[in-house]
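First comes the structure, then the notes that go with it.
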Amino acid sequence: MRSLTSRLLLAVGLSFIAFLGLTGYALDQAFQQHTEEATAKRLENYIYTLVAIAEIDDDGIRVPANMLLEVDFHLPNSGLYARITGNDGHHRWQSSSLVDPGVPEITNLPPTRSLFTRLRGRDGREYFIFAFAFSWDTPPQEHVHTVNIVEAVDKHYLKQVREFRRSLFSSLGAVTLALLLVIGLTMRWSLQPLRRAANEIKRIEQGRQDILRGDYPKELRGLTENINGLIQSSQARLERYRNSSADLAHSLKTPLALLQGLADSHGSSEELRRAVAEQIRQINQIVEYQLQRAATSGRNPLTQPVNVYRLIEKVANSLNKVYASKGVRLQILASKQLLFHGDESDLLEVVGNLLDNAFKWCRQRVLIQARVLRQGGSTRLQLIVEDDGPGIDPRLASRVIERGVRSDGHAGGSGIGLAVVNDIAQAYHGTLDIDQSPGLHGARFQLTLTQ
Amino acid sequence: MRALIIEDELQLKDQLAARLRQAGFAVDSSDNGEEGRYLGNEYDYDIAVVDVGLPGISGLEVIQAWRDGQRDFPVIILTARGRWQEKVAGLEAGADDYLVKPFHMEELLARVRALVRRSAGIAQPRIQAGPLCLDPSTQSVTLHGQTVDLTAFEYRILAYLMLHPGEVISKTTLTEHLYDQDFDRDSNVLEVLIGRLRRKLDPDNSLRPIETLRGRGYRFALSEH
């Protein structure tokens, strides 16, 4: 089904048709029953009239025609017939309308008994019959006669029933159509927020708008907030890529200029070699750093959460291999259920760099703690890495996170690790603080990332 | 010691091979993962240097295949991508160390030596056994403090034996670890070399650093202290 409206219309339409069908059927049945009862009542009245005006004596039964007021009794084949039959089966009297012998009759009812029923006559037509047996005493014997009032079903009954049906179903049909129309219009009105959201997104794609700004109903708010989060994080990434490319281009100009100068210079080959090597080192570092920055994903509300403990263990296993000969003792203080709602490779990057740093500089012991901080409506992941190494001179603490600055001149690695950690902290609107570890007396790095 | 290099960038591969040979290794090299994996399965290397970004089958798959086949020699991976995701993936696949490109050749050499030592169970860089001292970083051997002048192959033999002190090393094994694939070997050469080595290390036959066990092989007999 390609449309919400047609789904709803189909569902409501079908159930309404079923409902109306049942109601119509029930009403139809009720009307039929009512009409039958009315017919029975009418025929019964004719019985009483006839019994009242019939003159019975030894010669037979006579019914004065001027006292039988119902016209149909006097018109041949009118559809309304009356007959009085004796208990010997002989017809003692019948109305002048009764000329067709195929009209059914009921005889031999016990006295004072009545019966109302519907029968098919020998001519194939259906008739209502009201039969009543009465007796009177004329000396010397008791006589029992059965009166039959017979009315053809198609005389009154069928017409009434058909008329009722016609008007019933036409009004039910009209109601259904009206309802479907109302539903269609209601759907259109209800789905209007979705149409509005679609329009806004088109405007965002065209660059005429930055995020969804409409006031949306409660049910859509979760969706629109997520969409806005997605838009903002992908725009932030785009921004970061743009900045990294621009920064890369600019910062490469200096070492390239220096190399150009060296190429034009006439210094000694040894000096030249050393200067070139240094510029190459700088360029490598810049490239590596900008690549890392561009690869940072940053905050993204729709990403799968990462198990922090398992990630720390993975990094620890790798570092234990690399520093196997050092025999570092690592302690991990974190809940095994702790989750980080951010990019996994960003978290790997910060944990990897901080732990690598700690392993490199420690004497024997490294401690890492991870926990969630909730303050002022925001949730943050806090990582604290401490080592028992020489620590960092507080005067150099802020410079260590600059690209390329190390607290000594060691070779190995590119020197951008802590700069990358700081960069990622900023991408997550967090902080990186460096001071001395109170417990282990080496360096302490405290990193927070907003989730 | 015998080393395997798998690197698809030919200039870098040749540079690495030359440097390791200079450092006293017998070197086999390959520019693709298929051949590299085969070599690692066939020969008992002391160290392998594997580039992660290979065409066709990746460096990590090669290492995984080796570990699945019980090939335990140490492996150091070279990766162009410095993200921790790649480092962790490499180490989880079975590598023992990693280096991010571009790197200094000396850094690679230091790490290679450290891995070789570590897998031999030796903690200190220099191997001391009695009056004999072997320094892999300078490829020099001293006896009672005096430098002993050895040829490349003599050094290799002594280095391998000293890295497996007390173990009986068969001629076949020793040959495997001395020569790269393409070398034209003559099995008698080994005996000649051992003889020459003994004469240089032990001119008056008092020290007996290298024992011959008939039918079994050779053993470095001096203990470390």
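Protein sequences, first through last, are from chains B and D.
Counting from 182, one number per residue, gives the positions in the first sequence under the numbering used here.
Counting from 24, one number per residue, gives the positions in the second sequence under the numbering used here.
Glycine residues also receive a C-beta, built at the ideal position from the N, C-alpha and C atoms.
Just reading off the beta strand (DSSP E) that Ala235(B) is part of, what are its end residues? Element bounds for Ala235(B): n/a, residue is neither H nor E.
Leaving out the 5 sequence neighbours to the left and right, which residues in its chain are closer than 8 Å to Ile467(B) when beta-carbon positions are compared? Leu429, Ser432, Leu433, Pro436 and Arg584
State yes or no: is the beta carbon of Ala505(B) nearer than 8 Å to at least one beta carbon in chain D? yes
Looking at Asp37(D) and Asp203(D), is the spacing between their C-beta atoms short of 8 Å? No. Outside cutoff.
Where Gln607(B) and Gln632(B) are concerned, what is the direct C-alpha to C-alpha distance, given to the nearest angstrom? 12 Å
In chain B, which residues lie with their C-beta within 7 Å of the C-beta of Ala137(D)? Within 7 Å Cβ-Cβ: Ser506.
Can you find a C-beta in chain D that's less than 8 Å from the C-beta of Ser637(B)? Lying outside 182 to 632, the shown extent of chain B, residue 637(B) is not represented and no answer is given.
Once DSSP output is grouped into helix, strand and coil, what is the label at Asp51(D)? Here Asp51(D) sits in strand by DSSP.
From the beta carbon of Leu114(D), is the nearest beta carbon of chain B less than 8 Å away? yes
Determine whether the beta carbon atoms of Asp95(D) and Val503(B) lie at a separation below 8 Å. In this structure, Val503(B) does not lie closer than 8 Å to Asp95(D) by Cβ.
Selection of the region 476-497 of chain B by Cβ proximity to chain D, strictly under 8 Å: Within the region 476-497 of chain B, the qualifying residues are Ala476, Lys495 and Val496.
Can you give me, in chain order, the residues of the region 536-549 of chain B that have a beta carbon less than 7 Å from any beta carbon in chain D? none
Counting only C-beta atoms, is Asp69(D) closer than 8 Å to chain B at any point? So no, Asp69(D) is outside the interface.
If you compare alpha carbons, which of Ser426(B), Trp542(B), Val553(B) and Ser499(B) is closest to Lys517(B)? Val553(B)
In whole angstroms, give me the CA-to-CA distance for Asp69(D) and Arg576(B). 46 Å
Beta-carbon contacts of Arg243(B) that lie in its chain and below 6 Å, excluding the five residues immediately before and after: Glu236
Determine the chain D residues that contact Gly533(B) at a beta-carbon separation under 9 Å, and present them in chain order. Arg106, Trp107, Gln108, Lys110 and Val111
From the DSSP secondary-structure annotation, give me the bridge partner or partners of Asn329(B). Beta bridge pairing from DSSP links Asn329(B) with Arg264(B) and Ala312(B).
Judging by CA-CA distance, which residue of Leu362(B), Ala378(B), Thr629(B) and Ser295(B) is the nearest neighbour of Phe521(B)? Thr629(B)
Below 8 Å between beta carbons: does that hold for Leu216(D) and Thr198(D)? no
Whole angstroms are fine: how far does the CA of Ser415(B) sit from the CA of Ile408(B)? So the alpha carbons of these two residues sit roughly 11 Å apart.
Per DSSP, which residues does Gly241(B) bridge with? Please list them. Residue pairing by DSSP puts Gly241(B) in a beta bridge opposite Asp238(B).
What number of angstroms, rounded off, separates the C-alpha of Arg183(B) from the C-alpha of Leu189(B)? 11 Å
Environment of Leu613(B) [buried if 16+ CB atoms lie within 10 Å]: With 16 or more Cβ atoms within 10 Å of its Cβ, Leu613(B) is classed as buried.
Closer than 9 Å, Cβ to Cβ, to anything on chain B: give me those residues from the region 177-202 of chain D, in chain order. none
Short CB-CB distance (under 8 Å) between Gln38(D) and chain B: no
Can you tell me whether DSSP reads Arg561(B) as helix, strand or coil? If DSSP states are grouped into helix, strand and coil, Arg561(B) belongs with the strands.
Apart from the five residues on each side of it in sequence, which residues of its chain come closer than 6 Å, Cβ to Cβ, to Ala592(B)? For Ala592(B), the predicted model reports a pLDDT of 41, less than 50, meaning its position is unreliable; a value from the coordinates is still stated below. No residues qualify anywhere along the chain.
Kindly provide the ranges of any alpha helix (DSSP H) runs that are 4 or more residues long and lie completely inside the region 460-533 of chain B, ordered along the chain. 489-503
I need the DSSP call for Ile287(B), collapsed to helix, strand or coil. coil
C-beta atoms of Asp74(D) and Glu115(D) nearer than 8 Å: no
Whole beta strand (DSSP E) elements within the region 54-88 of chain D, 3-residue minimum: 70-74
Backbone CA spacing between Arg179(D) and Leu548(B) [nearest angstrom]: Roughly 43 Å between the two C-alpha positions.
For His272(B), does the three-state DSSP call read helix, strand or coil? strand
Under the three-state reduction of DSSP, which class applies to Gln617(B): helix, strand or coil? strand
Could you tell me the boundaries of the beta strand (DSSP E) in which Glu30(D) lies? From DSSP, Glu30(D) is part of no beta strand (DSSP E); its letter is neither H nor E.
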